[in-house]
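Chains as they are written, first to last, in our numbering: chain A, 1 to 132; chain B, 1001 to 1383. Glycine is no exception: its CB is placed at the ideal position from the N, C-alpha and C atoms. First up is the structure itself, then whatever we jot down about it.
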């Protein structure tokens, strides 16, 4: 064991441990198969505590997107797009879209996960528009 | 004990706009005195109190400042800006069942003067939003409303020009209300859609004001209301609901909590949307109003865009709405729900002066929406 405590909280720590390996995971219920995000202690569909982790492909579709023209986090200069991404595996994530053509992101676009390094935390899942 | 009929017997605003010479508590005290005077009551009659956004244990802070020592019903339900409709919802039951006689609902903010409104909020990094939402820098709260508006446009073909119709209607009402922040300034659809983008597809003029302001509402029995200095209006029904705060977990971006709060309120009041003579929808953003029109049943889901065209919500339109000028053009001190109730009562009393809806309106609806499009509470009032 290293000295640093795992990032996140006792329920979300496996998500961030996977993120450190550039793997995007969501929860999958061992009892009923339902998938969910954000992480919970129990399955939201059947209340089972047999909730495991599914490694996702990283592929998704833009469900909705906005371009922020406000500076919300110091140093993150607007404009930048933030989307709700529907993962191929089902659950939705909020995430920024990055890349040269990010501002052109539109609902229905195919996107793929990318990993944004952070100084004090595991890498953050963001998304790039997939090549057409 | 038989259920008693319940009314709103007094309403009042505090100073609005930019308030330099009062505190939040002194604004509440003044507004409460004026609302109680309309009801023919005094502070000594108050035995119920509901507040939101008035600090930790806000009912204690406000009750202490007002010198209320007979309180036996307290409510600090936090549904964001919709809290005040929820407070009236709860007060309706409490007064009807005799749990209190005179409930005061009050609020004040000086967010504009004190510059307490900020987009760079400190979020607990170990909370769910702190881990999964905040690092993506979605601007709170407008980014949530923007994601909903974008999805609504995608699914139903709603346009920015249609959303702009809502802001224009609010401004046309504000130009009939001398107290309105934006009084005396014309606004066109072109002005709205050419204003700068804040969080696409929402422009600056799709967004509410940032002002100071406060007010008070007195809920009591219809029997006491008969002695009021001004005509009391009946509380016919109310409802509340919520969806989510973490927007990625929304089950359907285009359906708000108003679908349930409105259904509950209309059912209790025994009314349908067609019975509503004047509507006070929470207009934090233009999309908030569009969704309310659909979720309350004024039009079918997806048809809000065409519905608002042609000035339908504006003066002389079929559905007078935001008649004070709304959060878009009258005032928006962080939470607007209380002002929806105040304006609804004034319209039913027929005392709205230049902006009075003609034809002696009998049914008014105040529909609060709060948080990150997370909550809704609806109150049906009758003359």
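In the DSSP output, what is residue 29 of chain A paired with across the bridge? A:51
With distances taken between CB atoms, is the gap from residue 1350 of chain B to residue 1183 of chain B smaller than 9 Å? no
CA-CA distance, residue 16 of chain A and residue 39 of chain A? 11 Å
Tell me the DSSP secondary structure of residue 97 of chain A in three-state form. strand
Please classify residue 1199 of chain B: does DSSP put it in a helix, a strand, or coil? strand
By the three-class DSSP mapping on this structure, what secondary structure does residue 121 of chain A have? coil
Where do the N-terminal and C-terminal ends of the alpha helix (DSSP H) with residue 1287 of chain B fall, by residue? 1286–1295
Residues that residue 96 of chain A contacts on chain B, provided the C-beta gap is smaller than 9 Å: 1135, 1136, 1137 and 1138
Among A:81, A:60 and A:62, which residue has its Cα nearest to the Cα of residue 70 of chain A? A:81
So which of B:1217, B:1036, B:1053 and B:1328 has the shortest CA-CA distance to residue 1203 of chain B? B:1328
Short of 9 Å Cβ to Cβ, which residues in the stretch 1187–1208 of chain B face chain A? 1196, 1197, 1198, 1199, 1200, 1201 and 1202
With 16 other Cβ atoms within 10 Å as the buried cut-off, status of residue 1368 of chain B: buried
Are there three or more Cβ pairs, one per stretch, closer than 8 Å when the stretch 1016–1036 of chain B is compared with the stretch 1203–1218 of chain B? yes
Best match in A:23, A:74 and A:61 for proximity to residue 1134 of chain B [C-alpha to C-alpha]: A:74
For chain C, is any of its Cβ atoms less than 9 Å away from the one on residue 1374 of chain B? Any reference to chain C falls outside this structure, whose protein chains are A and B.
Could you check whether the Cβ of residue 1248 of chain B sits closer than 9 Å to any Cβ belonging to chain A? yes
Opposite residue 115 of chain A in the DSSP bridges: which residues? A:125
Quick check on residue 969 of chain B: does DSSP put it in helix, strand or coil? Chain B is shown only over 1001 to 1383; residue 969 of chain B falls outside these bounds and no answer can be derived.
Taking residue 1282 of chain B as part of the alpha helix (DSSP H), name the residues at either end of that continuous run. From DSSP, residue 1282 of chain B is part of no alpha helix (DSSP H); its letter is neither H nor E.
Less than 9 Å between CB atoms is the rule here; does residue 1146 of chain B satisfy it with respect to chain A? yes
With 16 other Cβ atoms within 10 Å as the buried cut-off, status of residue 1031 of chain B: buried
What does the Cβ neighbour count give for residue 1131 of chain B, buried or exposed, with the cut at 16 atoms within 10 Å? buried
Between residue 1160 of chain B and the rest of its own chain, which residues show a CB-CB distance below 6 Å, the 5 nearest in sequence each way excluded? 1193 and 1201
Taking 8 Å as the cut-off, does the CB of residue 1133 of chain B come closer than this to any heavy atom belonging to the ligand SAH? No copy of the ligand SAH occurs in the structure displayed, which carries no ligand at all.
Looking at the C-beta of residue 1154 of chain B, does it have a partner C-beta in chain A at a distance below 9 Å? yes
Can you pull the chain A neighbours of residue 1126 of chain B, defined as C-beta to C-beta under 9 Å? 8, 9 and 12
Run through chain B and tell me which residues come within less than 8 Å of residue 112 of chain A, C-beta to C-beta. The premise fails here: residue 112 of chain A is roughly 17 Å from chain B at the closest Cβ pair, so nothing lies under 8 Å.
Quick check: the Cα distance between residue 1172 of chain B and residue 1186 of chain B, rounded to an integer number of angstroms? 7 Å
Using a C-beta to C-beta distance shorter than 8 Å, which residues of chain B count as neighbours of residue 76 of chain A? 1137
Along the stretch 57–77 of chain A, where does the CB come closer than 8 Å to a CB of chain B? Name the residues. 63, 64, 65, 66, 67, 68, 69, 70, 71, 72, 73, 74 and 76
Please work out which residues of its chain come closer than 6 Å, Cβ to Cβ, to residue 126 of chain A, disregarding the five sequence neighbours upstream and downstream, and give them in chain order. 95, 96, 98, 114 and 116
State the beta-bridge partners of residue 1070 of chain B as determined by DSSP. DSSP, once it has assigned bridges, lists no residue as partnering residue 1070 of chain B.
Pick helix, strand or coil for residue 81 of chain A, following the three-state DSSP scheme. strand
Can you check which of these residues, B:1153, B:1126 and B:1286, is closest to residue 1189 of chain B by C-alpha distance? B:1286
List, from N- to C-terminal side, the alpha helix (DSSP H) runs of 4 residues or more that fit wholly inside the stretch 1095–1127 of chain B. 1111–1114
Tell me the DSSP bridge mates of residue 108 of chain A? Its beta-bridge partners do not exist; DSSP assigns none.
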